[in-house]
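Here the structure is laid out as structure tokens; the discussion comes afterwards.
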Amino acid sequence: MKQIVRDKWSSKAGFVLAAAGSAVGLGNIWKFPYSVGVNGGGAYVALYLLFLVIIGMPLMLAAITLGRKTQLSVFGAYKSIDKRWSFVGALAVICGFVILAFYSAVGGWVLYYFKNAVTGRLNTTDPTVLAGIFTDMMNSPKILIFYQLIFMLMTIMIVIKGIKKGIESSSKIMMPALFILLIIIAIRSVTLKGSMEGIKFLLVPDFSKITMDVAKNAMGQVFFSLSIGMGVMITYGSYLGKEENLLSTAVSIPILDTLAALIAGFATIPAVFALGFEAGEGPGLMFITLPAVFASMPMGQLFCIAFFLLVIFAALTSSMSMLEICVSYFVDERNKDRKKATLTIGALIFLLGIPASLSLVEGSGFRLGSLTFFDAYDKLSANILLTTGAFLLSIFVAWVVTTKEAVKEIESSGVEFKLANVWSFLLKYIVPVGVFIILVNSYKDFIVSILQ
Ligand code: PFF
2 MKQIVRDKWS SKAGFVLAAA GSAVGLGNIW KFPYSVGVNG GGAYVALYLL FLVIIGMPLM
62 LAAITLGRKT QLSVFGAYKS IDKRWSFVGA LAVICGFVIL AFYSAVGGWV LYYFKNAVTG
122 RLNTTDPTVL AGIFTDMMNS PKILIFYQLI FMLMTIMIVI KGIKKGIESS SKIMMPALFI
182 LLIIIAIRSV TLKGSMEGIK FLLVPDFSKI TMDVAKNAMG QVFFSLSIGM GVMITYGSYL
242 GKEENLLSTA VSIPILDTLA ALIAGFATIP AVFALGFEAG EGPGLMFITL PAVFASMPMG
302 QLFCIAFFLL VIFAALTSSM SMLEICVSYF VDERNKDRKK ATLTIGALIF LLGIPASLSL
362 VEGSGFRLGS LTFFDAYDKL SANILLTTGA FLLSIFVAWV VTTKEAVKEI ESSGVEFKLA
422 NVWSFLLKYI VPVGVFIILV NSYKDFIVSI LQ
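Oh and the sequence shown: position 180 is 181 in this note's numbering, straight run, nothing missing.
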């Protein structure tokens, strides 16, 4: 194995911010609220929280521990412990390609909305006008592809500069700013007349709405939102020094991430009900609802501009973590030049993303069976690839590394892991079995829908 001198994070806060930067992104602000709407409200939120605690958090700890133990990124980490597991690295790269292909499309929408916020075009509470702006964008291949390209170029530029400079320095200001702004929007949203129905929709679970589909989406969303299952957290964890307390980290990132998603839910859903939008609208929900919330606030345009700017930032700290995983594979494992690899991979992902963007244009015919390319990438990444990665991570840390060794690593910084037995039990049995049940269903459904 190639021995490289590795940077450490300049501080623990640097790691937490970067890891939270990867976790908090479009998944929280755009995807979570609309998934709540599509998947029936409170029951989905309740399942999400359950999966977060019994599956997401144990896996977060497993990932960071594996990274810090091996001091290697995802490919090396698996390989150094057992060569037969090297294929997980390849899976991570494929996953990065697929997620970023459609993630960059949505990143492009946010850029376009930022421009519209600046020009004042979004300054209305009229649902028809706002829905019209979104539909116009969706039906303009030129706009979609142009902005997707710009988003991809921004991601590429950050990754070419290397891991620390880009990630660490900027997260420190932008992440807290995003949280503050989301809280302000949520306060406005829940104080709108008629928002109570929305608050109930979010908080009161109707358990009869829980189906296999809802469970699958909730679990996929946990992995997507926490950036778990394609090695980001293993890789970031590998930069942590031996003295750092992994337990507090593995708890604080999921908490931050979930807070961001819930606050985004409160910013969006109550306003949906108060202002006469449709909760089950789908991917357009944030784009048509939030501008109406801003338009109902004093200095609304300013908030609108700031919001889309901060979402661009949140999306970039996530997208660069995905591209970083793909690039570091070719740099570390295949000895490629970093700059060239970044450019080539970035270009390939952009090309792969074009059908995803175009598949949303009405009548475009870009479909895989019954799914648009966009939906197919989304389902393939969250429900299949990340979920498979998460399953393998649990088996690997629980049974190959063994939880005993992992606990030793966790306690090596001098902390006592009081819940070691609980974690061990979850990681050995509950996580793999739970994820496996969902996974079998996801494969079956995905195959059926692309054959249709
Ligand atoms: N967690 C990111 C979000 O919520 O937007 C998306 C993501 C980033 C998923 C990195 C997976 C990943 F490896």
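Glycine included, each C-beta is placed from N, C-alpha and C at the ideal position.
query	result
Grab me the residues of V119's own chain with a C-beta within less than 8 Å of its C-beta, minus the 5 sequence neighbours each way, in chain order.	I306
Would G266 pass as a contact of L203 if the rule is Cβ separation under 8 Å?	yes
For the stretch 276-287 and the stretch 29-42, state whether three or more C-beta atom pairs, one from each stretch, are separated by less than 8 Å.	yes
What residue range is occupied by the uninterrupted alpha helix (DSSP H) comprising Y45?	G43 to F52
Taking DSSP's pairing of strands, which residues face L369 in a bridge?	L372
Hey, would you say M153 sits closer than 8 Å to Y113, going by beta carbons?	no
DSSP three-state label for Q4, please.	The pLDDT assigned to Q4 is 41, lower than 50, so where the model puts this residue is not dependable; a value taken from the coordinates is nonetheless given after this. In the structure shown, Q4 sits in coil (DSSP, three-state: anything other than H, G, I, E or B).
Would you say the stretch 252-263 touches the stretch 20-32, given that touching needs at least three Cβ pairs under 8 Å?	yes
I55 and I439 - do their beta-carbons sit closer together than 8 Å?	no
With H, G and I counted as helix, E and B as strand and the rest as coil, what does DSSP make of P142?	helix
Go ahead and pull the three-state DSSP assignment for M220.	helix
Less than 7 Å separating the Cβ of S249 from some heavy atom of the ligand PFF?	no
Ignoring anything shorter than 4 residues or poking outside the stretch 94-161, list the alpha helix (DSSP H) runs there in chain order.	128-139 and 142-161
Comparing the CB of I100 with every heavy atom of the ligand PFF, is any distance shorter than 7 Å?	yes
Per the contact definition of three or more C-beta pairs closer than 8 Å, is the stretch 390-398 in contact with the stretch 72-90?	yes
Is it the case that the CB of S172 approaches a heavy atom of the ligand PFF more closely than 7 Å?	no
Y148 and W110 look like a contact to me (Cβ under 8 Å); what is the Cβ gap, rounded to whole Å?	7 Å
In chain order, what residues of the same chain lie with their CB nearer than 8 Å to the CB of M231, ignoring the 5 residues before and after it?	V75, L92, A93, C96, G97, I100, M323, I326, L386, L387 and G390
Any idea what DSSP makes of G230, helix, strand or coil?	coil
Identify which residue in V233, L50 and Q453 has its Cα closest to the Cα of G328.	The amino acid at residue 328 is misidentified as Gly; the sequence shows Val. It is V233.
Helix, strand or coil, according to DSSP, for N29 in the structure here?	helix
Between S371 and the rest of its own chain, which residues show a CB-CB distance below 6 Å, the 5 nearest in sequence each way excluded?	S450 and Q453
If you draw a straight line from the C-alpha of A348 to the C-alpha of M158, how long is it?	12 Å
Taking all protein chains shown into account, decide if F278 is buried (16 or more other Cβ within 10 angstroms of its Cβ) or exposed.	buried
I'd like to confirm something about A24: is its beta-carbon nearer than 7 Å to some heavy atom of the ligand PFF, or not?	yes
Could you check the C-alpha separation between K262 and Y330 for me, to the nearest Å?	Before going further, note that residue 262 is Ala rather than Lys in the sequence given. Approximately 30 Å between the Cα atoms of the pair.
Are the Cβ atoms of G68 and S239 separated by less than 8 Å?	yes
Taking three-plus beta-carbon pairs below 8 Å as touching, is the stretch 182-199 in contact with the stretch 372-383?	no
Once the 5 residues before and after M321 are set aside, which same chain residues still bring their CB inside 6 Å of it?	T156, I159 and V160
Are the stretch 403-413 and the stretch 57-67 touching by the rule of at least three beta carbon pairs closer than 8 Å?	yes
DSSP state of E363, grouped into three classes?	coil
Can you tell me whether DSSP reads K243 as helix, strand or coil?	coil
Short check: CB of A268 to CB of A293, under 8 Å?	no
Is A209 helix, strand or coil by DSSP?	Reading off the sequence shown, one finds Ser at residue 209, where the question assumed Ala. Looking at S209 - three-state DSSP - the assignment turns out to be helix.
Our contact map puts F115 next to I289 with C-beta atoms below 8 Å; I'd like the distance itself, whole angstroms only.	No, F115 and I289 are not in contact; Cβ-Cβ is about 16 Å, not under 8 Å.
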